[in-house]
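For the sequence shown, position 103 (counting from the first letter as 1) is numbered 102 according to numbering that gives the first Met the number 0, and the numbering increases by one without interruption.
Ideal placement from N, C-alpha and C gives every residue a C-beta, glycine not left out.
Quick caveat, the model's predicted, so the values are computed rather than measured.
These notes are about the structure you will find just below.
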Amino acid sequence: MLQTVITHLLAVGLEVHEVSGASGFVPGCRIVSGALHVDPSCAPSALLHEAGHCAIVPARFRGFMSDNLSIGMKRMFDELNAMNLDPDHPLERAAIQCSDPEATAWAWAAGLAIGLAPDNIILDEEYNGSGAEIRSMLQTNQYIGINGLAHAGMCKRGIWVAEDIRYPKMEHWLQAA
């Protein structure tokens, strides 16, 4: 199952390296300069979520992300502030949607796209024991991270959107802005 996830992540354009002993915020996976270092023992659900963090960050800032993502996020927002962009500029809109709920919604969409069972995409014990609840919200398209992905231009949501292109289908797997 882990190799299936890695194959998908590589196919969508994320950088993934198999590194024995890799470990970061989650056991078995570490983010290093926007790339994923993955130990063979990594849970597929953990890798999907960490990949979500890398995927939703605008490409020009992805390399800022390592270990403690808040440091990379601060650097990203410092650079954005220096650019003095309009708040509705695509780069601003994309950057503001780089939080944990969007990474979770991305991971859910990726897991479904590669055919994983829902309880393998998000484990019950993950998210401080709220995994089943979050999974339920994602299954009914009622999870806040879906809105963030849509506002960032990565997917479409809503009943007026044709089902074949509606979340959990993704228009873009990587945030290019």
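In the structure shown, the three-state DSSP call for Lys-155 is strand. In this structure Val-11 touches Trp-172 by the C-beta definition: roughly 4 Å separates them, less than 8 Å. In the three-state reduction of the DSSP assignment, Val-160 falls in the coil class, being assigned neither a helical nor a strand state.
Going by DSSP, Ala-34 is part of the beta strand (DSSP E) stretching over 34-37. Within the stretch 29-106, the complete alpha helix (DSSP H) segments of 4 residues or longer fall at 43-55, 58-61, 68-82, 89-94, listed in chain order.
Counting C-beta pairs with one atom in each stretch, the stretch 96-115 and the stretch 51-62 have three or more that are closer than 8 Å, which means they touch. Between the stretch 119-133 and the stretch 54-74 there are fewer than three inter-stretch CB-CB distances shorter than 8 Å, so the stretches are not counted as touching.
Cβ atoms of Tyr-166 and Ile-133 stay farther apart than 8 Å, at about 15 Å.
For Val-18, DSSP records no beta bridge to any residue. The stretch 65-77 and the stretch 28-41 touch, with no fewer than 3 CB-CB distances between them shorter than 8 Å.
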